[in-house]
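Novice: Residue numbers (our numbering), protein chains in the order written: chain A, 1 to 491; chain B, 1001 to 1686. Ideal Cβ placement from N, Cα and C applies to all residues, glycine included. On a predicted model such as this, the values are computed, not experimentally measured, just so you know. Dropping a structure here in C-alpha cells format, bear with me for questions.
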C-alpha cells in the first residue's frame, strides 16, 4: 500500500481558478486587461500549485483530504494519487496554453468565456482529484454542464444546435452514470478508490457485474466518444471557438477516458476484468472506433471537423491500451492522454490561427497557406507527423508501447489496428501539409504575416512538447515515469 | 584470418554519434545562414559533409582492421538508444558519406540556378544524418527510427522543384514510404515478440529461429525494406521520384538511399545467421558433411533466399525492359537503378539460399552495392551536368556533346562502362562475382536456377544495350538540338566531384582483390553461419582470369544483338500500355479505397436518415418539433387574429389549436420516450 498523507492542497488547487470570477467581478467591465491578467494568472497559479505535488507523485505518495460525509460510506473527499496528478498536470498545462491563446483569439463576450473556462478547469481538476466515484460524478456533471457555454460561444445557429446536441448526449449519459453509481454502491458496498478493485466476483455474480460495467461504459463512453456514442463530437468541436475546441478535444474527452480509467483500475481491477471477459469486446469496440473514426475523417473537408473525427479515433487508443490488460498496453494508453492532448491541442490551435488570420475553414481553400503562416503551419506539420507516428515525436512512442502491449497480452493482431490507423492518419493529414506548403506560389512568401505572439507562443510550445515527449521519454518527471510509478501499484 | 564465429568486441567511442550528428549540425548551420550569404552557406554544407566523411574514415582502423565494434549510447527515447558500428555498417557509412560529399560539392554549383537553395542544402544534410543513423544503428528499433526519418526528410529533396511532375512524384513517394514504414514497424514488433530481442541477433532458442513464424516476420520486414530498395512490385515510386528530384539529389536517392533498403535485407539475413553464433559454429567445421544436421533457421533461410532470388530476378528484368524504352535520361537511369537493385537482391538471395556456403552470394551483393553507389551516382551527376549545360533531358534532342564537354563525357562513360560490367571498371568485379554465385547455386538449385543463369545473361546484355544507348544518344553522334554553340563545360567543382567518383569507379574495378580482402571479407565475418573455408576462398579470389574476361563476351553479344534488333524494328520507341504496369492497379486500388470511404459515410448518412428517424438525437428531434410547433402556433395566431379579432389566451383557443394540428405522430413519439425513461428507471432500481 502506498503511503497516505493528509493535505489541504486539493481544495486549494480546485479553488484557485475561481479567482477568475473574482477578477471578472472586480475588473471585468472597466479594466478588461487587468481581468485578463487575473484569468491567466490564476490558471498559471493552478499549474504551479499542481507542480508542487511532483515529488510526492513520483514517490507514489497519495495525498488525501476529506471534506464532508454525505451518507454512510459516501463522502466528498479528494485523493491525489500518481495517475490523478498526471492527469491534473496535463489539464493545467493545456488550460494554460489555451487561456493564453484565448487572449488573442476571443474578442466577443470575453468575460463569460473566461469565467466558464476557469470554472471548467476547477471542475476537471475535481474529477482528477476525486477520491470516490461520488465526488467524481459530481464534478463530472458540473464540468459537462459548464462546457455548454464554451460550445455555444459564437451563438450562431450551428453553435446552438451543436450545443443542444451536446447537452442531450451528456445529460442522458449523466443519468445513466448515476444508475451505474447506484448499482455499484448497492452491490459493491463502497464507492471509494482504494488503488485496487472493489467489486467481488463471487459475492456479486457475473451478470450483475456485466451490467454495471456496460452501464459505466455507456455513461463515460459518451464523453470518451466511443462509437456509437460519439455523435456530439463532430458537431460540437467545430462549432466551439478554437481554444475551446483544443480544450474539448485535448482534455475534456480525456476526462471521460479518465472515468473509464478509474472504473478499470479502482472499481473492477485488472484481474476481475480479465475474468469477466469484457476485454475482447471492448477491444473490438475501440478498434472499430479507431478505424471508422479515421475513415470518416478522410471524408471531411472542413478542417475542424476532420480534426474532430480524428479525436474520436485517437481517444480510443486509450481504451485500446487499457483493455489490453498488460503493463505496456496500459502505459501506451495512459501516455496517449498526454500525447494526444498536446498533438490535438496544437492542431486545433493552429486551425484557430488559420481561421483568425484568413477566415478559411475549408481545406480546399488553403493553398499555399504555409507561406503566409510559416511557423504555425510548421507546428501543424510537426503535430500531424506526430499523429502519424513519426519517430522522434510522441505519437511514435504511444504506438510502440501499444504494440508491445498487444504482444504482451498475446493479442498481436491489434497491432494491425494501430498501423491501419497510422496509415489512415497519413491519408488525411498529409494532404493538408502538402496543400499548405507545396501547392502555393513561391512568391507568396511576400505575403507572410504570422499571427500575434499570444497565439503563436502556445502553438510553438505545444509543438515543442510533441517533440520533447517523443525524444526524451524516460526523463524523470515526464509522463512515462509517472505512469510507471502508477502501474507498479497495479500490476 | 579466423572470421567465422568471431563476435566483435564492443568498444565505447563517441565517434558514431559524432558522425551522425555532424550533418545534422551542418543542416542547422545552413538554415541559420540562409540565403543571406550563399558562399558561406555552401562552404558550411561542404565542410560538415567532409567532416562526416572524415569521422567515418576515422572509425576505419578500429572497425575494419582490428575487428571491434564501436558503440555509443544516447539517452534519448527509451534511454537505451544505441549506435553500434560494425564492419557492415561502416562500409555503408563510408560509401554514403563519400557520395554525399561529392553530391554536396556538385550541388553548390548545380542548385545555384534553382529556387529555395537553402532548403535543399539543409534537407540534404538532414537526410545524410538520418541515413548515417540507419547504417550506424545498433538494433532494429534504432534502425527503424532513422529509416522513417530518412524517408520523410528525403521527401523535401524529391519535391524540391515543386513542378507538377515533382509534386506527383512526391505524393507517391511519401505514401509508399509511410506504408513501407508501417509494414516494417509491424515486422519489428512481431520480431520483438518472437525473437525476444530487439537487436540484430535473435535469442537462441526463440520462436523466430525455431519455427516458421520467421517467414511472416521477415515478410513484413522485407516488405518495408523492399519499398525503399525499389523491389518489384513495390518500386512504383522510384521511376517518378528519381527523375523529379534535382540531379545531385537523384544521385543520393539512387546511390545511397535505396541501398538502405538493401542494408535492411542484409541485416535480416544476418539475424538468421545469428542462430549459429550461439552454437559456436561447431557444426560448421564439418562443412558439407553436416548437410543432414542443417538447423531449422538455416533451412528457413534457404527458403527465404529462394524467394528473394526470384523477387530479385523480377526486379532485374522489369527494370531492364523498362529502361530500354525510355527517352528521358533520368527515367532511364531510375529504371536502371531498379534493375541493378535486382542484381543486388539476387546476390543476397543466393547468399541466403546457399546457407553456410553463401559467402559468395553475400559478397557479390555487397560488392555490387558499393559499385552501384559509385557508378550510379556518377551517372546521375553526369546527366545532371548535361542538363546544366543544355537544359535538356530528352535523349532524342541531345547528342554530339563530347566535343563541348569532354570531361563530363569521359566521367560519364567511365560510369557507364562500370554499369555495363566491362573489364577494368567496377561493374566487372561484382558481376563476375555474381555470375560465379549463380553458378554455385546451380548445384543445389537444379533446373530452376539454370533459368536464372540465362535470365542473368539476357539482363546483362540488356544493361549493356541501354547504357550504350544512353551514352551514344547523349554524347556522341551529332547534336540534334538547336543550341550547340551555347553549350560549354560545367564549372570545375562539379567536374572535381565527378572526377573523384570516377576515380573510385576505377579503383574498385582495378583492385578488386584489395577491396575483397579489406572491405568485404571482414563484413562476412559477421555472419556466424558461414563456412570459414568459403570465406577464405573469397579472400584469395582472382578476378582478372582469362575465363572471367571471356565470360564477358556472351552478354556483350546479347547486348549488341539487342541494340541491333531494337534499332532495326524501332523498338526503342515502344510504349507499353498502362495496364502492363502494376502502378495502374495500385492507383485503382487507392481510388477504390477512397471511394469506399466516401460512399461508406454517405451510405451511412442515407441509411440513418431513411430508416432511423429515431436515431436523430432526441435533442435534434425535440428542437425541430418545438420549432414546428412554434411556427404552427404563430401561423395559427395570425390566422385566428384575422378570424376572431382577439388572441385566444384561454383553454378553448388552445383546444381549437390542438384540433387543428395533427398530433398523432408526435404523441406516439412522446409516449415512446416516456416508456423508455420508465423502462430505464425500472432497470436501474432492479
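#1: Going along the stretch 304-321 of chain A in order, which residues come within less than 7 Å of chain B, judged by CB to CB distance?
#2: Going by Cα to Cα distance, which pick from B/1533, B/1340, B/1083 and B/1438 is closest to residue 1136 of chain B?
#3: Just to confirm, is the Cβ distance from residue 1163 of chain B to residue 1150 of chain B under 7 Å?
#4: For the stretch 1481-1529 of chain B, list the alpha helix (DSSP H) runs that are entirely contained and at least 4 residues long, ordered along the chain.
#5: Strictly below 7 Å CB to CB, what residues from chain A border residue 1167 of chain B?
#6: Comparing C-alpha positions only, which one of A/354, A/352 and A/319 sits nearest to residue 337 of chain A?
#7: With a CB to CB cut of under 7 Å and the five nearest residues on each side skipped, what residues in its chain are close to residue 1450 of chain B?
#8: I need the boundaries of the alpha helix (DSSP H) containing residue 1215 of chain B, first residue and last residue.
#9: Under three-state DSSP, which class holds residue 1146 of chain B?
#10: Taking the alpha carbon of residue 182 of chain A as the reference point, which residue from A/344, A/160 and A/134 has its own alpha carbon closest?
#11: Can we count residue 1474 of chain B as close to the ligand ZN, meaning its CB is less than 6 Å from some heavy atom?
#12: Helix, strand or coil: how does DSSP classify residue 1119 of chain B here?
#13: Run down chain B in chain order and give the residues with a C-beta less than 8 Å from the C-beta of residue 102 of chain A.
#14: Against residue 403 of chain A, what residues of chain B qualify as contacts under a CB-to-CB distance less than 7 Å, listed in chain order?
#15: Can you find the residues in the same chain that come closer than 8 Å, C-beta to C-beta, to residue 150 of chain A, ignoring five residues on each side of it along the sequence?
#16: Pick helix, strand or coil for residue 1344 of chain B, following the three-state DSSP scheme.
#17: Report all residues from its chain with a CB closer than 6 Å to the CB of residue 254 of chain A; omit the five preceding and five following residues, and keep chain order.
#18: According to DSSP, simplified to helix, strand and coil, what is residue 1058 of chain B?
#19: Check residue 1326 of chain B in the structure and name its three-state DSSP category.
#20: CB residue 1388 of chain B to CB residue 1452 of chain B, shorter than 7 Å?
#21: Go to residue 97 of chain A, then tell me how far its alpha helix (DSSP H) extends in each direction, as first and last residue.
#22: In chain order, what residues of the stretch 1135-1146 of chain B put their CB closer than 9 Å to some CB of chain A?
#23: Going by other Cβ atoms of all chains shown within 10 Å of its Cβ, with 16 needed for buried, is residue 24 of chain A buried or exposed?
#24: Terminal residues of the continuous alpha helix (DSSP H) containing residue 314 of chain A?
#25: At what residues does the beta strand (DSSP E) containing residue 137 of chain A begin and finish?
#26: Along chain B, in chain order, which residues have C-beta atoms closer than 9 Å to that of residue 388 of chain A?
#27: Output, in chain order, the set of chain A residues within a Cβ distance shorter than 9 Å of residue 1413 of chain B.
#28: Assuming residue 429 of chain A contacts residue 387 of chain A (C-beta within less than 8 Å), just tell me the rounded distance between them.
#29: Give the residues from the stretch 452-476 of chain A that approach chain B closer than 9 Å (Cβ to any Cβ), ordered along the chain.
#30: Please name the residues in the stretch 1429-1458 of chain B whose beta-carbon is closer than 9 Å to at least one beta-carbon of chain A, in chain order.
#31: Would you decide whether residue 301 of chain A is buried or exposed? Buried here means 16 or more other CB atoms lie within 10 Å of its CB.
#32: If residue 169 of chain A sits next to residue 231 of chain A, beta carbons under 8 Å apart, how far is it from one beta carbon to the other, in whole angstroms?
#33: Could you give the distance in angstroms between the alpha-carbon of residue 1405 of chain B and the alpha-carbon of residue 1488 of chain B?
#34: My assumption, with CB atoms under 8 Å, is that residue 1365 of chain B sits in contact with residue 1351 of chain B. Please give the rounded CB distance.
#35: Under 7 Å Cβ-Cβ, which residues of chain B neighbour residue 299 of chain A?
#36: Please classify residue 1075 of chain B: is it buried, with 16 or more other beta-carbons within 10 angstroms of its beta-carbon, or exposed?
Specialist: So, from the data block:
#1: Under the 7 Å Cβ criterion, the stretch 304-321 of chain A contributes no residue.
#2: Shortest Cα-Cα distance from residue 1136 of chain B to any of B/1533, B/1340, B/1083 and B/1438 involves B/1083.
#3: No.
#4: Restricted to the stretch 1481-1529 of chain B, the alpha helix (DSSP H) segments that are unbroken, complete and at least 4 residues in length are 1492-1510, 1512-1515 and 1521-1524, listed in chain order.
#5: Going along chain A in sequence order, the residues near residue 1167 of chain B (Cβ under 7 Å) are 438.
#6: If we check each option's Cα against that of residue 337 of chain A, A/319 comes out closest.
#7: The beta carbon of residue 1450 of chain B sits closer than 7 Å to the beta carbons of 1442 from its chain, once the five residues preceding and following it are set aside; these are given in chain order.
#8: DSSP places residue 1215 of chain B in the uninterrupted alpha helix (DSSP H) bounded by 1213-1229.
#9: Of the three classes helix, strand and coil, the one that applies to residue 1146 of chain B here is helix, per DSSP.
#10: The alpha carbon of residue 182 of chain A has as its nearest neighbour, out of A/344, A/160 and A/134, the alpha carbon of A/134.
#11: This structure does not include the ligand ZN; it has no bound ligands of any sort.
#12: Residue 1119 of chain B: helix per DSSP, three-state reduction.
#13: What residue 102 of chain A touches in chain B: nothing, since even the nearest Cβ is about 27 Å away.
#14: Within chain B, the residues near residue 403 of chain A are 1189.
#15: Here residue 150 of chain A has 113, 116, 117, 120, 240, 241, 244, 247 and 248 as same chain residues with Cβ atoms under 8 Å from its own Cβ, once five neighbours each way along the sequence are excluded.
#16: The three-state reading of DSSP puts residue 1344 of chain B in helix, counting H, G and I together.
#17: Cβ within range, chain order: 337.
#18: If DSSP states are grouped into helix, strand and coil, residue 1058 of chain B belongs with the helices.
#19: Residue 1326 of chain B falls in the coil class under three-state DSSP.
#20: For residue 1388 of chain B and residue 1452 of chain B, no; Cβs fall outside 7 Å.
#21: Here the alpha helix (DSSP H) through residue 97 of chain A covers 82-105.
#22: From the stretch 1135-1146 of chain B, only 1141, 1144, 1145 and 1146 have a Cβ closer than 9 Å to chain A.
#23: Looking at its Cβ environment, which holds 16 or more other Cβ atoms inside 10 Å, residue 24 of chain A is buried.
#24: For residue 314 of chain A, the enclosing alpha helix (DSSP H) covers residues 303-323.
#25: Looking at the DSSP string, residue 137 of chain A is not in any beta strand (DSSP E); the run it does join, the alpha helix (DSSP H), is 133-151.
#26: Result: 1178.
#27: Within 9 Å Cβ-Cβ: nothing; residue 1413 of chain B doesn't reach chain A, min ~37 Å.
#28: That belief holds up - the Cβ atoms of residue 429 of chain A and residue 387 of chain A are roughly 6 Å apart, short of 8 Å.
#29: Residues passing the 9 Å Cβ filter: 470, 471, 472, 473, 474 and 475.
#30: Going along the stretch 1429-1458 of chain B in chain order, one finds no residue with a Cβ nearer than 9 Å to chain A.
#31: A residue is called buried once 16 or more other Cβ atoms fall within 10 Å of its Cβ, and residue 301 of chain A, having fewer, is exposed.
#32: Contact between residue 169 of chain A and residue 231 of chain A holds, with the beta-carbon distance rounding to 7 Å and staying under 8 Å.
#33: Taking the Cα positions, residue 1405 of chain B is about 6 Å away from residue 1488 of chain B.
#34: About 6 Å; that satisfies the 8 Å criterion.
#35: The contacting residues are 1597, 1598 and 1601.
#36: Exposed.
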